[in-house]
């Protein structure tokens, strides 16, 4: 049980749409399809919903988005809200859902993200950073993360060759995921030959802009036990947000994972040794390397070697991004990683199934290492 | 270098308002200016009505040398805006100014790649009679 809570909480249903290009599907449609899918997966219906929580679609950032989705589901929930932590939102919303349920405001809460930047507008992904970013030539997320990567590589000796192994490993996993946007394995030579975007990143270091939706249902252990599928227990959550405009942060190339991970492991009463697999927000290849290092799975500077040696592969010591992650499954901001972790723990992942996992870690971050949240999920409820 | 044309950068300027005008007017007069706190003495950028460090509302503008070191950089190969077309690929650097603030800056027309830790100096580029912007170039030896 998470520290200081009076009961245990579970994820009981997960759902998602097709990823990539979904012409004709509105942002609302992608949210609704994902939530209805998650409810069906749990053996629940919209009538069971007490809450609808969303991350706003990145491409347009509409106001009062959760109430819009509640209407699209024809429900009048006690709990609605949209949290703005960029890619860390999808765990932040779970924390909010738990606090609402703990306070007695409801029992079953849906958390969803859906957006159609590929067939709609993707202008936000190429916008200038901050007020003076345009005249400085800093447009789009790849250039900003490239500045982070260059600094991190300078500080810890991470190499371009090691970045290649992140891209190749996650693509290898996506080759076993029929819903992944990119399923064709890539070789080292193909990686090195991919066109530059912003050094040190080539095209294969960057996640694609994708349409799609994903959702999950959070409820109490008591309610979860009435349902058909095995409940997946939320064992720990931690958040820590470096905040600030990234290039002004004193330690620019550090993420919030160090503290958010520590808080998460503490709330779960677990350590890195308990973790069987990780689903890490891999918008760019440098990020899983930074994340594994900051969590303490490997010393700082050794994350790249960890990938290079195959430890993050499905048959390795700590499989990472078993669905292909943002890099290869879908570039959506993170909701889908929670779905994958739940399915892995249930043993539903077919060819890409980790052998009998008991504990999975989900790492999410947003902005330019601006926000960070960590969650530990497990098959057993623990003490 | 002298044949570089920066007219296309005009539309990339931020909205110039009461708060930030001294910075941009300074550049138009070939001067790099930062805000300085009258209470704690730190230099800051971007402009605010208060000091980020101590909260005092005693900010004034002062001219600075503006030299610094490259904290990080990237060479951008994707053309996001036509103003940069003549400079592809171009470098974007985060410059740690000697005065304290970190500045984001384009480095245009470089003869050789930059490295983290390199010393750099301001190079103000003229867009029009009343508008210029700040870039950096390697420091003269």
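Protein chains in written order, with the working numbering: chain A, 52 to 434; chain B, 24 to 164. Beta carbons: idealized from backbone N, C-alpha and C, even for Gly. Just so you know, these numbers come straight off a predicted model, no measurement behind them.
Under 7 Å from the C-beta of residue i: neighbouring residues of chain A
| i | result |
| --- | --- |
| residue 99/B | 188, 194 and 249 |
| residue 73/B | Simply none; closest approach about 16 Å. |
Exposure of residue i, with buried meaning 16 or more beta-carbon neighbours within 10 Å
| i | result |
| --- | --- |
| residue 174/A | exposed |
| residue 30/B | exposed |
| residue 127/A | exposed |
| residue 58/A | exposed |
| residue 342/A | buried |
| residue 372/A | buried |
| residue 324/A | exposed |
| residue 302/A | exposed |
| residue 384/A | buried |
| residue 85/A | buried |
| residue 27/B | exposed |
| residue 112/A | exposed |
| residue 126/B | buried |
| residue 22/A | No information on residue 22/A is available, as it lies outside the stretch 52 to 434 that chain A covers here. |
| residue 235/A | exposed |
| residue 114/A | exposed |
| residue 38/B | exposed |
| residue 407/A | exposed |
Cβ neighbours of residue i in the same chain (closer than 7 Å, five flanking residues each side left out)
| i | result |
| --- | --- |
| residue 24/B | Model confidence at residue 24/B stands at a pLDDT of 48, short of 50, so the residue's coordinates are unreliable and nothing is read from them. |
| residue 298/A | 198 |
| residue 291/A | 307, 310, 311, 314 and 423 |
| residue 346/A | 308, 312 and 323 |
| residue 248/A | 193, 254 and 257 |
Chain B contact for residue i (CB, 7 Å cutoff)
| i | result |
| --- | --- |
| residue 201/A | yes |
| residue 198/A | yes |
| residue 67/A | no |
| residue 364/A | no |
| residue 351/A | no |
Contacts around residue i, its chain only, beta-carbon distance under 8 Å, and the 5 residues preceding and following it disregarded
| i | result |
| --- | --- |
| residue 81/B | 60, 61, 62 and 74 |
| residue 203/A | 209, 304, 337, 340 and 341 |
| residue 272/A | 58, 59, 60, 61, 282, 284 and 432 |
| residue 16/B | The question about residue 16/B has no answer, for chain B in this structure spans 24 to 164. |
Chain B contact residues for residue i, given Cβ-Cβ distances below 7 Å
| i | result |
| --- | --- |
| residue 184/A | 127 |
| residue 401/A | Those do not exist, as residue 401/A stays about 36 Å from chain B at its closest Cβ, beyond 7 Å. |
| residue 223/A | Simply none; closest approach about 27 Å. |
| residue 205/A | 139 |
| residue 298/A | 117, 125 and 127 |
Cutoff 7 Å: residue i Cβ touching any chain A Cβ
| i | result |
| --- | --- |
| residue 115/B | yes |
| residue 133/B | no |
| residue 159/B | no |
| residue 35/B | yes |
| residue 32/B | yes |
| residue 24/B | With a pLDDT of 48 at residue 24/B, under the threshold of 50, the modelled position of that residue is not reliable, and the figure given next carries that caveat. Cβ-Cβ to chain A under 7 Å: no for residue 24/B. |
| residue 29/B | no |
| residue 83/B | no |
| residue 53/B | no |
| residue 42/B | no |
Strand pairing of residue i, partner residues [DSSP]
| i | result |
| --- | --- |
| residue 324/A | In DSSP, residue 324/A forms no bridge with anything. |
| residue 130/B | 114/B |
| residue 227/A | The partner list for residue 227/A (beta bridge, DSSP) is empty, contrary to what the question assumes. |
| residue 63/B | Bridge partners of residue 63/B: none, in fact. |
| residue 166/A | 263/A |
| residue 64/A | 268/A |
| residue 179/A | 190/A |
| residue 249/A | 252/A and 99/B |
| residue 289/A | 425/A |
| residue 222/A | Note: residue 222/A sits in no beta bridge, so no partner. |
| residue 331/A | 414/A |
Own chain, CB closer than 6 Å to residue i, minus 5 neighbours either side, in chain order
| i | result |
| --- | --- |
| residue 54/A | 318 |
| residue 208/A | 352 |
| residue 68/B | 57 and 124 |
| residue 354/A | 340, 343 and 344 |
| residue 163/A | 82, 85, 86, 105 and 266 |
| residue 252/A | 193 and 197 |
Residue i beta carbon near the ligand COA (any heavy atom closer than 6 Å)
| i | result |
| --- | --- |
| residue 101/A | In the structure on display, the ligand COA does not appear, and there are no ligands present to speak of. |
Proximal chain B residues relative to residue i, where beta-carbon distance stays under 8 Å
| i | result |
| --- | --- |
| residue 173/A | None at all; the shortest Cβ gap to chain B is about 12 Å. |
| residue 191/A | 101 and 103 |
Residue i: contacting residues in chain A (beta-carbon distance under 8 Å)
| i | result |
| --- | --- |
| residue 66/B | Those do not exist, as residue 66/B stays about 13 Å from chain A at its closest Cβ, beyond 8 Å. |
Cutoff 7 Å: residue i Cβ touching any chain D Cβ
| i | result |
| --- | --- |
| residue 177/A | Here the protein chains are A and B, and chain D is not one of them. |
Under 9 Å by beta carbon: chain A residues contacting residue i
| i | result |
| --- | --- |
| residue 45/B | What residue 45/B touches in chain A: nothing, since even the nearest Cβ is about 14 Å away. |
| residue 145/B | None at all; the shortest Cβ gap to chain A is about 13 Å. |
| residue 86/B | Neighbours of residue 86/B on chain A: none; closest Cβ ~19 Å, over 9 Å. |
Residues that residue i contacts on chain B, provided the C-beta gap is smaller than 9 Å
| i | result |
| --- | --- |
| residue 303/A | 94, 95, 117 and 125 |
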